[in-house]
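Residue numbers (the numbering used here): 240 to 660.
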């Protein structure tokens, strides 16, 4: 804990060019555990994706809509929940992009519009990512940097996730029902008419899940359950969780009937996709090493404290959320943003009377605005694939974005009242 009354000025310690050039490699060394964890988990989930079990599960549920009135009624909330679980557990993000090709034709076939088809996988995964409770790429990394047990405080995070997911599903169900009654009110009405002439539902060749796909999914669920038990009962940290996911990758690869080359190549590709994230972590940690050696971290905290400090910890936490929302406009990597901001925000939380768990939640909720940002690669990619102009999507998102902002501010109140540790 930092004593705010102990701040005093000392002699400056400028860092020269040599220190600047050595900072990245020092960052790699200092953050080696986190970087290795990110690469291993990324590789493990790539192997899971390679088995096509998750794709088959989603296609199976989509196919069932033709045979069941219940499935047709529950389609939006069920899929929103599934994609949200993906975002909340294994950090589903860019992985949602291919599902646009399935859900846009499906939504059009059910009498909805392109926006509904995009929102199911995209908003589902994004709201799950922002309100995550088991996501190693934002919650796990942020808690590790803040010095908290990994995945601690899960009960309240599950509640936050459930509320955010339910609100997203209800909003989309209301909008879908409105469009089904009067399709002409859709912002993409002209585009939808063109798409209905161009393509079928895209599910005609799918014949259902195999036993192998089902077994792979059960192994994945068992892995998540084992991780939760290990974290809660045995205080597992990054090393144990990384070992668990590495084991899952091997078992899933064998059960999914991947040969050794396919398994290794999938793992390597998944790790390769996160090399950029690893570099961001190393550079962010290198930046903090420069700041530490220059003795300016305390000065930064002392300067930031008046901006965040309030008469109540509630307002301080809400200010932290607003700051993280602004930072999210420029940095969209959950892991990179955690590596860059948590070394400052965690001790700053101590200074302004906010618990570190609450500071991490404020960081998470700051990602709720990602689906609306033109600087987000996944947002731009999804809209390009669906052929929706960004300005059209942004206008549609404004009401939901305001709901997310109000929700985030409200969800930060209980942790401050109960001194969430």
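We treat Cβ as the ideally placed atom computed from N, Cα and C, and that holds for glycine.
Roughly how many angstroms separate the alpha carbons of residue i and residue j, rounded to a whole number?
{"i": "residue 331", "j": "residue 323", "result": "8 Å"}
{"i": "residue 526", "j": "residue 455", "result": "41 Å"}
{"i": "residue 326", "j": "residue 375", "result": "10 Å"}
{"i": "residue 428", "j": "residue 320", "result": "27 Å"}
{"i": "residue 610", "j": "residue 335", "result": "12 Å"}
{"i": "residue 452", "j": "residue 650", "result": "37 Å"}
{"i": "residue 358", "j": "residue 291", "result": "22 Å"}
{"i": "residue 665", "j": "residue 314", "result": "In this structure the chain extends from 240 to 660, so residue 665 is not present and cannot be described."}
{"i": "residue 624", "j": "residue 403", "result": "26 Å"}
{"i": "residue 387", "j": "residue 309", "result": "43 Å"}
{"i": "residue 520", "j": "residue 539", "result": "20 Å"}
{"i": "residue 630", "j": "residue 363", "result": "21 Å"}
{"i": "residue 394", "j": "residue 256", "result": "47 Å"}
{"i": "residue 635", "j": "residue 424", "result": "12 Å"}
{"i": "residue 658", "j": "residue 552", "result": "10 Å"}
{"i": "residue 622", "j": "residue 550", "result": "42 Å"}
{"i": "residue 543", "j": "residue 587", "result": "8 Å"}
{"i": "residue 458", "j": "residue 449", "result": "14 Å"}
{"i": "residue 417", "j": "residue 245", "result": "59 Å"}
{"i": "residue 640", "j": "residue 593", "result": "25 Å"}
{"i": "residue 342", "j": "residue 269", "result": "43 Å"}
{"i": "residue 530", "j": "residue 563", "result": "20 Å"}
{"i": "residue 421", "j": "residue 432", "result": "14 Å"}
{"i": "residue 561", "j": "residue 396", "result": "19 Å"}
{"i": "residue 644", "j": "residue 500", "result": "46 Å"}
{"i": "residue 473", "j": "residue 430", "result": "54 Å"}
{"i": "residue 463", "j": "residue 573", "result": "20 Å"}
{"i": "residue 654", "j": "residue 371", "result": "16 Å"}
{"i": "residue 676", "j": "residue 571", "result": "A question about residue 676 goes unanswered here, because the residues of the chain that appear run from 240 up to 660."}
{"i": "residue 329", "j": "residue 365", "result": "12 Å"}
{"i": "residue 487", "j": "residue 638", "result": "41 Å"}
{"i": "residue 496", "j": "residue 295", "result": "15 Å"}
{"i": "residue 253", "j": "residue 260", "result": "14 Å"}
Could you spell out the range, first to last residue, of the alpha helix (DSSP H) harbouring residue i?
{"i": "residue 453", "result": "450-473"}
{"i": "residue 567", "result": "552-569"}
{"i": "residue 629", "result": "629-650"}
{"i": "residue 576", "result": "573-591"}
{"i": "residue 603", "result": "595-604"}
{"i": "residue 267", "result": "256-269"}
{"i": "residue 479", "result": "477-494"}
{"i": "residue 531", "result": "514-532"}
{"i": "residue 353", "result": "353-369"}
{"i": "residue 537", "result": "536-547"}
{"i": "residue 616", "result": "616-625"}
Three or more beta-carbon pairs under 8 Å between the segment 258-276 and the segment 486-501, yes or no?
no
For the segment 589-602 against the segment 370-385, do three or more pairs of beta-carbon atoms, one drawn from each stretch, fall closer than 8 Å, so that the two count as touching?
yes
Check whether the segment 352-367 and the segment 402-420 touch, using three or more Cβ-Cβ pairs below 8 Å as the test.
yes
Taking three-plus beta-carbon pairs below 8 Å as touching, is the segment 558-576 in contact with the segment 602-621?
yes
Any chance you could list the alpha helix (DSSP H) runs of at least 4 consecutive residues sitting entirely within the segment 305-344, in chain order?
308-328
For a minimum of 4 consecutive residues, which ranges assigned as the alpha helix (DSSP H) are wholly contained in the segment 383-430?
393-420
Contact between the segment 281-295 and the segment 497-515 is defined here as three or more beta-carbon pairs at a separation below 8 Å; is this criterion met?
yes
Assess, as a yes-or-no matter, whether the segment 457-477 is touched by the segment 246-260 under the definition of 3 or more beta carbon pairs within less than 8 Å.
no
I want to know whether the segment 573-587 touches the segment 517-532 - three or more CB-CB distances under 8 Å.
yes
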